[in-house]
Amino acid sequence: MIQNTLFHKVYRLAPIPLVLLCAACVGSSKTFLPDGSEGYVVTCSGSMVSWGDCEAKAGSLCGAGGYEIVSKNANQQNVNSSERSMMIACNSSREPTTTDKLIQKSQEMLDEGVDKGKELLDEGEDLLDEGVEKVKELF
Numbered sequence: 000m001i002q003n004t005l006f007h008k009v010y011r012l013a014p015i016p017l018v019l020l021c022a023a024c025v026g027s028s029k030t031f032l033p034d035g036s037e038g039y040v041v042t043c044s045g046s047m048v049s050w051g052d053c054e055a056k057a058g059s060l061c062g063a064g065g066y067e068i069v070s071k072n073a074n075q076q077n078v079n080s081s082e083r084s085m086m087i088a089c090n091s092s093r094e095p096t097t098t099d100k101l102i103q104k105s106q107e108m109l110d111e112g113v114d115k116g117k118e119l120l121d122e123g124e125d126l127l128d129e130g131v132e133k134v135k136e137l138f
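Following numbering that gives the first Met the number 0, the numbering of the sequence shown begins with 0 at its first residue and continues without gaps.
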């Protein structure tokens, strides 16, 4: 007869909110990135969350400076549940990596090369014009 009491009915339903709570979990933790700088691992696991939830959490962690995704992982546990995580670096607090510096230097060198090429092309056109004029004078 205890089974029909209100307490027993509520007790049987108590786990439902806990299950729903775990079905949508978004969290983060500080970590060190492969280049040694600080970053975050953002997790968004469960059937009621998406990559958008991870990205929203990353945005709130990094603020107006934005962030760069270092890596992304997804693991489909079953039809109703998946585990997602991404490692991010906040742009405002992130020091440029060696790769970033190499890309910047390469771009500067490319720009210098393009400028030098334009100068040489202009000089070549001027020499060609002079040559055409001399040929015209001869004929």
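Even glycine gets a Cβ: it sits at the ideal position worked out from N, Cα and C.
Please read these numbers as outputs of a predicted model, since none were measured by experiment.
query: Tell me which residue opens and which closes the alpha helix (DSSP H) that S59 is part of.; result: W50 to C61
query: Label S59 either buried or exposed according to how many other C-beta atoms from any shown protein chain fall within 10 Å of its C-beta, with 16 as the threshold for buried.; result: exposed
query: Can you tell which of S70, S81, D99 and M86 has the C-alpha that lies nearest to the C-alpha of V41?; result: M86
query: Mapping the DSSP letters down to three states, classify M86 as helix, strand or coil.; result: strand
query: Please identify the residue among G130, K104 and V25 whose C-alpha is closest to the C-alpha of V48.; result: V25
query: Just tell me which of D125, Y39, S81 and D99 has its CA closest to the CA of Y66.; result: Y39
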